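> Residue 944 in this note's numbering sits at position 118 of the sequence shown; the count goes up by one each step and never skips.
Quick reminder that beta carbons are idealized off the backbone N, C-alpha and C, glycines included.
This one's a predicted model, so the numbers in the text were calculated from it and none came from an experiment.
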Amino acid sequence: MEEPTAVNPRPPPSLAARWRRLSWRDRALLGEALLTVGLARLAIVLVPFRHVARIAATRPRRPPAADAREQIIRVRWAIRAVARRMPFRALCLEQGLSARMMLNRRSLPTTLFYGVMKGAEGQLMAHLWVRSDEIEVIGTEGLERFTLLATFPPLDKPGTARGADRAR
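1) Anyone know if the C-beta pair for residue 976 and residue 940 falls short of 8 Å?
2) Taking the C-alpha atoms as reference points, what is the distance between residue 846 and residue 855?
3) Just mark residue 915 as buried or exposed, buried being the case when its beta carbon has 16 or more other beta carbons within 10 Å.
4) Which of the three DSSP states is assigned to residue 922 in this structure?
5) Just to confirm the assignment, what range does the beta strand (DSSP E) spanning residue 858 have?
6) Can we say the region 961-974 touches the region 930-946, given the rule of at least three CB pairs closer than 8 Å?
7) With distances taken from CA atoms, which of 836, 949, 961, 944 is nearest residue 925?
8) Check for me: the alpha helix (DSSP H) holding residue 896 runs from which residue to which?
9) Put residue 912 into one of helix, strand or coil per three-state DSSP.
10) If residue 901 and residue 928 are in contact, beta carbons under 8 Å, what's the gap, nearest whole angstrom?
11) Just curious, the beta strand (DSSP E) that residue 957 is in, first and last residue?
12) Are residue 1053 and residue 869 close, meaning C-beta to C-beta below 8 Å?
13) If I measure Cβ to Cβ from residue 966 and keep anything under 7 Å in the same chain, skipping five residues before and after, which residues do I get?
14) Could you tell me the boundaries of the beta strand (DSSP E) in which residue 976 lies?
Here it is in structure tokens:
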């Protein structure tokens, strides 16, 4: 915990204090994010990727709600808040699958973008990012360095200008 200073006379509130200030709606959303990030991690570790990809490619069955933008932003907040506190790795793949599950449950369409780049020492580095309704949800920092390999669900016409525009 940060010590009080002349510039900052009070230490920042504890995690428990911040939790108590949250509404029940926010607590439920964080609980859902905790569950889905955990499920995503288990799926990545235990399930063959072809099955994970099939789950990632499912589309919502109902039309999206009127407050879609607010829901997307709240889901992004919850996943980021939970992911940085998980006792295991919860990076772009886990966060992306979690965002996909949470937004799909709210009937909000999402697209998962999977890209690669060469690292400084020539190693291949993969990255997953998510967009919903043209809103960047998860993992969208530094995308210009990655080459798009696949989307889930597939874009209308991969490699076309429309597909390339939607990826960035």
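With the structure as the only source:
1) Along the sequence shown, one-based indexing puts residue 976 at 150. Along the sequence shown, one-based indexing puts residue 940 at 114. Closer than 8 Å, so yes.
2) Here residue 846 is taken as the residue at index 20 of the sequence shown, counted from 1. Here residue 855 is taken as the residue at index 29 of the sequence shown, counted from 1. Each residue's Cα considered, the two are about 14 Å apart.
3) Taking the sequence shown and counting its residues from 1, one reaches residue 915 at position 89. Residue 915 should be labelled exposed.
4) Indexing the sequence shown from 1 puts residue 922 at position 96. Residue 922: helix per DSSP, three-state reduction.
5) As a first step, residue 858 is located in the sequence shown; it is residue number 32 there, counting from the start. DSSP places residue 858 outside any beta strand (DSSP E); the residue lies instead in the alpha helix (DSSP H), whose first and last residues are 850-872.
6) yes
7) Position 99 of the sequence shown, counting from 1, holds the residue named residue 925. The shortest Cα separation from residue 925 among 836, 949, 961, 944 belongs to 961.
8) Taking the sequence shown and counting its residues from 1, the one referred to as residue 896 is at position 70. Residues 894-909.
9) Looking up residue 912 in the sequence shown gives position 86. The answer is coil: DSSP assigns residue 912 none of H, G, I, E or B.
10) For the purposes of this step, residue 901 is identified with residue 75 of the sequence shown, where counting begins at 1. For the purposes of this step, residue 928 is identified with residue 102 of the sequence shown, where counting begins at 1. Yes, residue 901 and residue 928 are in contact; Cβ-Cβ is about 5 Å, under 8 Å.
11) The residue given as residue 957 occupies position 131 in the sequence shown. Counting along the chain, the beta strand (DSSP E) containing residue 957 begins and ends at 950-958.
12) Since the first and last residues shown for the chain are 827 and 994, residue 1053 lies out of range.
13) Working through the sequence shown from its first residue, we reach residue 966 at position 140. So the list reads 955, once near-sequence residues are dropped.
14) In the sequence shown, counting from the first residue as 1, residue 976 sits at position 150. Start and end: 973-978.
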